[in-house]
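Q: Starting off with a structure, shown below.
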Amino acid sequence: MPGAAEVGPTGPTVTFETKVWEGDYRTILDRARLDAVISHNSWDFTARIVHVNNVDDPDQALSIGRALVADGVLDEVVLVDEHATDALNHFGLTRNDLGRGYVYSISELVSLYLCRTDYLLHLSGDTTPSGRVDWIPSALELLERRPEIAVANLSWTPDLSMVEAESSGRDGEFLLGYGFSDQMYLVRAAEFGQRIYGETHPASERYPEYGGELFEKRVDAWMRNHQRLRATWTSGHYVHENIRPAPSRMRRVLGRVKRATRI
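Just so we're aligned, residue 8 is where the sequence shown starts under our numbering, counting upward by one.
What follows is the structure in C-alpha cells.
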C-alpha cells in the first residue's frame, strides 16, 4: 500500500484505465469520445491505458488504439490475452475459479497486475462522467487519510437519495457505505494488487448470476468481510450506457461471449 503523500503535482500518481471488447471497441476508441472521458476527470494522469479483450480481430483493435497513442490521447494499448495467465498466477486464481465471470473480470485483473502507479482509476468502456468534475484531489486526500476506505467513485446517479439509502456515513463531499461496482473505481494499486479475490459474502450474492464469480462480486465480498468502505462523491455523477453493435455484428458478438464463457 502506498504511503501517505501530499496530494498535488508531487503527490500520488494515478493511471487512467478503461477496457474495450468486440461489442464496443469501434465506439469507445473514438478520439473525441475517449479524450472527453479522460479530460472530464480533470487530472493529469501518469498513464492513460486501454485494455483490449475478447475481440475477433486483435490487430484491428490494437491498430486503432495505437493510433490514439500516436495522437497523444493514450499512453498505451494492451492486449489482455498476452498477460492473462501471468495475472491469474499473480492473484492465485484460475480460470475455473471465476467460472462464467472470467470474461467479465480478466481485463480488470490484468490492469491491476500491470499497474505501476500509486492509484488506478478504472472506468468501464461504456461509463463516462456526466461532465467535467474536479473530484480526484479530494478522493486521493480521503484515501490517504482513511485507510478503511478502499475505493472512491463518482455517484452512479444524479439522485443522491439513492446513494444516501446505501450509505452509513459522510466525510465532506463523500457518502460512505458498503458496495462496489466495476463501472468506476479509484483504488490503491498496491492494495488491489494483492490476493484479495478469493472471498465470499452472503450480501455479494446479489450480483447477476450470469456473471459467475466475477471481479466486482469478489471485491464486494472482500470489502464486506474486512469492513472496507466505498466513498461516493456527491458533487458529480457518471453515466453508464449500453453500447450495442449493429444487429449482424451482435449475432457474432453473442457467439463470442458464449464461447468465451464456456469452461
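No residue lacks a Cβ here, since even glycine has one placed at the ideal position from N, Cα and C. Since this is a predicted model, take the numbers as computed values, not measurements.
How far does the alpha helix (DSSP H) with S112 in it reach, from first residue to last?
A: Against the sequence shown, residue 112 aligns to sequence position 105. S112 -> alpha helix (DSSP H) spans Y109 to L121.
Q: Would you call M169 buried or exposed, if buried means 16 or more other Cβ atoms sit within 10 Å of its Cβ?
A: Mapped onto the sequence shown, residue 169 falls at position 162. Exposed, by the Cβ-count rule.
Q: Does DSSP put Y185 in a helix, a strand or coil?
A: If you number the sequence shown from 1, residue 185 lands on position 178. The answer is coil: DSSP assigns Y185 none of H, G, I, E or B.
Q: Alpha carbon to alpha carbon, how far is S114 from V87?
A: Sequence index remark: in the sequence shown, residue 114 carries index 107 (1-based). Sequence index remark: in the sequence shown, residue 87 carries index 80 (1-based). So the alpha carbons of these two residues sit roughly 6 Å apart.
Q: Should the region 143–153 be called in touch with the region 218–229, which here means at least 3 C-beta pairs below 8 Å?
A: Judged by Cβ distances under 8 Å, the region 143–153 makes no contact with the region 218–229, as fewer than three pairs qualify.
Q: Is it the case that the Cβ atoms of H58 and V80 are separated by a distance below 9 Å?
A: Translated into the one-based positions of the sequence shown, residue 58 becomes position 51. Translated into the one-based positions of the sequence shown, residue 80 becomes position 73. Contact flag unset, no.
Q: Any contact between the region 212–222 and the region 35–44? By contact I mean 3 or more CB pairs, one from each, below 8 Å.
A: The answer is no - the region 35–44 does not touch the region 212–222, with fewer than three Cβ pairs under 8 Å.
Q: Beta carbon of H233, beta carbon of S131: below 9 Å?
A: As a working note, residue 233 is residue 226 in the sequence shown. As a working note, residue 131 is residue 124 in the sequence shown. No, the pair does not count as a contact, with Cβ atoms beyond the cut-off.
Q: Roughly how many angstroms separate the alpha carbons of A159 and A77, rounded to a whole number?
A: To locate residue 159, count along the sequence shown from 1; it is residue 152. To locate residue 77, count along the sequence shown from 1; it is residue 70. Using only the alpha carbons, I get a separation of about 31 Å.
Q: Could you pull the DSSP bridge partners for W240 from this structure?
A: In the sequence shown, counting from the first residue as 1, residue 240 sits at position 233. Bridge partners of W240: L161 and F181.
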